[in-house]
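Just so you know, numbering that gives the first Met the number 0 puts 319 at position 320 of the sequence shown, and the rest follows in order with no gaps.
Let me begin by presenting the structure, written as structure tokens, before commenting on it.
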Amino acid sequence: MNPNLTALQPYPFDQLNRLLDSVEPAKKPFISLALGEPKHQPPGFILEALNDRDLLTRGLATYPPTRGLPELRSAISQFIHRRFDPADADPEHHVLPVNGTREALFAVAQALASPSERPLTLLPNPFYQIYEGAALLAGTQPRYMPCLVENDFKPDIKNISDDIWQQVGLVYLCNPGNPHGALLSIDELQQWIGKVLEHDAILIVDECYSEIFRDEANPPAGLLEAAALMGNTSFKHCLTFNSLSKRSNLPGLRSGYVAGDADLLRQFLLYRTYHGSAMPVHSQIISSLAWSDEQHVIDNRAVYVKKTNDFIARLKPVWPIEPPKASFYLWPETPINDLDFTRALMRQCNIKTLPGQYLSRVADGINPGENRVRLALVADEAACQQAADRIVENFHALS
């Protein structure tokens, strides 16, 4: 057995289920604000493609190429150039399709970490727990970077000394951030790029929420965009990850990409060839359609903005919450301990949410998620409105 398995923490939703196991929920229809699983309708043209018998026959009758079909790599490359101009990702060398970001964010550490030479992996705190599991099972030691309100929920690069950098092999960032929706600017991304170039580390940026944002005139910056603007047009030491799960409401398709440094991607492709993680051909063809269309993404964003604004407005009299700059999460402070608040919310409202401390680790005596909750506004508009109204009606009993 891999001895590093014993270092893994329970997954947040396993902890949540145990926390709520003895709670008698209110006798109201159940609403989940816990899991960040999009519930909006998938694009109609994707559903039509899935009904294409010839496409499915082609896909099911052949082994898929791990490197990806040329048409999919081309569609991803065009999306990157369109969305993160002036980044120009060559589909032959800078793009690799993957089975959603979760699988690839984990696997990349197994392929590219050098634990004997560079034993540390930098992680934001709070974080998506796959980063931590990837670091541990690759044989490295996570080093947590607190994302606190006083720093706009962003990791502070100035707090990492050169002595620490000498031990760092991998850096995980999430932009837009999960669970708070904070955005790294071009300048901030370039600071991280400069540091990994200086210290020969690898910068891994999870951009799976990049297409869920509030201001159409100011989309979140991207890693490859920042690299290209500083002259790093080969994206050296940079890898970005994105998927169709949030962008196109296709979490079940398990389709995404990793893009960036051609040398790193060549090594990752070798690993994936042995790993056996190729995306089915019909999924690749459907994915190319989704990456090539923007209107459904624009429409999807509008629904999230409207839903988020309404939810916050309904809660304002009892629980003022700042809207996120991006993503579909809210990250408010709780009036009482986050574990107690989560239990009370189930008991009084039959609403499930995720305690902030389950998304964080204690570092330097602080758990940055304590006394916060993550609210995922992924349900339909009526359910979100109902959840907000229940919270307002019962807030005195939740605090």
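The beta-carbon is built from N, C-alpha and C at its ideal position, and this holds for glycine as well.
Predicted, not measured: the structure shown is a model, and the values here were computed from it.
- Here Asn98 is buried: its Cβ has 16 or more other Cβ atoms, across all protein chains shown, within 10 Å.
- The criterion of a C-beta distance shorter than 8 Å is satisfied by Thr100 and Asp205.
- According to DSSP, Ser31 shares a beta bridge with Lys351.
- DSSP places Gln165 outside any alpha helix (DSSP H), giving it a letter other than H or E.
- Put simply, of Ala108, Asn393, Ile350 and Glu369 the residue whose alpha carbon is nearest the alpha carbon of Leu376 is Ile350.
- Between Leu344 and Pro354, the C-beta gap is not smaller than 8 Å, which leaves the two residues out of contact.
- A direct Cα-Cα distance of roughly 10 Å separates Ile284 from Trp290.
- For Asn124, the uninterrupted beta strand (DSSP E) segment begins and ends at Leu119 to Asn124.
- Nearest to Pro250 by alpha-carbon distance, out of Gly58, Cys207 and Leu7, is Cys207.
- The C-alpha of Glu332 is placed about 32 Å away from the C-alpha of Thr139.
- For the 8 Å CB-CB criterion, Ile203 and Leu169 form a contact.
- Considering only Asp363, Thr56, Arg389 and Gln166, the residue with the shortest C-alpha distance to Lys26 is Arg389.
- Take the alpha-carbon of Ala227 and the one of Leu172: they are about 18 Å apart.
- Burial is judged here by how many other beta carbons sit within 10 angstroms of a residue's own beta carbon; Thr307 has at least 16 and is buried.
- Minimum Cα-Cα distance from Pro123 among the listed residues Val107, Gly132 and Pro154 corresponds to Pro154.
- Under the DSSP assignment, Pro96 falls in the beta strand (DSSP E) whose first and last residues are Val94 to Val97.
- Here Gln109 carries a helix assignment [DSSP, helix/strand/coil].
- By the Cβ neighbour-count rule, Gln347 is buried, with 16 or more other Cβ atoms within 10 Å of its own.
- For the options Leu136, Pro145, Ala200 and Leu188, the alpha carbon positioned closest to that of Asp161 is the one of Ala200.
- Secondary structure of Cys237 (DSSP, three-state): strand.
- In this structure the segment 312-323 does not touch the segment 258-278; the number of beta carbon pairs closer than 8 Å is below three.
- Classified as buried, Gln356 has 16 or more neighbouring CB atoms from the shown chains inside 10 Å of its CB.
- Non-local beta-carbon contacts of Ile129 in its own chain, meaning distances under 8 Å to residues more than five positions away in sequence, involve Arg101, Leu104 and Phe105 in chain order.
- When beta bridges are read from the DSSP output, Ile203 appears opposite Tyr171 and Leu238.
- Ranking Ile311, Ala362 and Pro367 by CA distance to the CA of Glu380 puts Ile311 first.
- Cβ contact annotation for Val22 (same chain, cutoff 7 Å, sequence separation greater than five): Arg342, Met345 and Arg346, in chain order.
- For Leu68, the closest of Phe234, Ala216, Pro279 and Pro367 by C-alpha to C-alpha distance is Pro279.
- Looking at the DSSP output, Leu329 shares a beta bridge with Leu374.
- By the Cβ criterion, the segment 135-151 is in contact with the segment 358-366, since at least three pairs of Cβ atoms, one from each stretch, lie closer than 8 Å.
- Of the candidates Trp191, Leu252, Ser247 and Pro90, Trp191 places its Cα closest to the Cα of Val167.
- Taking C-beta separations shorter than 6 Å and ignoring five residues to either side along the sequence, the partners of Ser326 in its chain run Pro175, Gly180, Tyr208 and Ile211, following chain order.
- Beyond the five residues adjoining it in sequence on each side, Glu197 comes within less than 8 Å, by CB distance, of Trp164 in the same chain, given in chain order.
- By the Cβ-count criterion, Phe234 is buried, with 16 or more other Cβ atoms from all chains shown falling within 10 Å of its own Cβ.
- Ile365 carries a strand assignment under DSSP once its states are collapsed to helix, strand and coil.
- With a minimum length of 4 residues, the unbroken runs of alpha helix (DSSP H) contained wholly in the segment 34-90 fall at 43-49, 52-59 and 69-82.
- Among the bridge pairs identified by DSSP, Pro141 is matched with Thr120.
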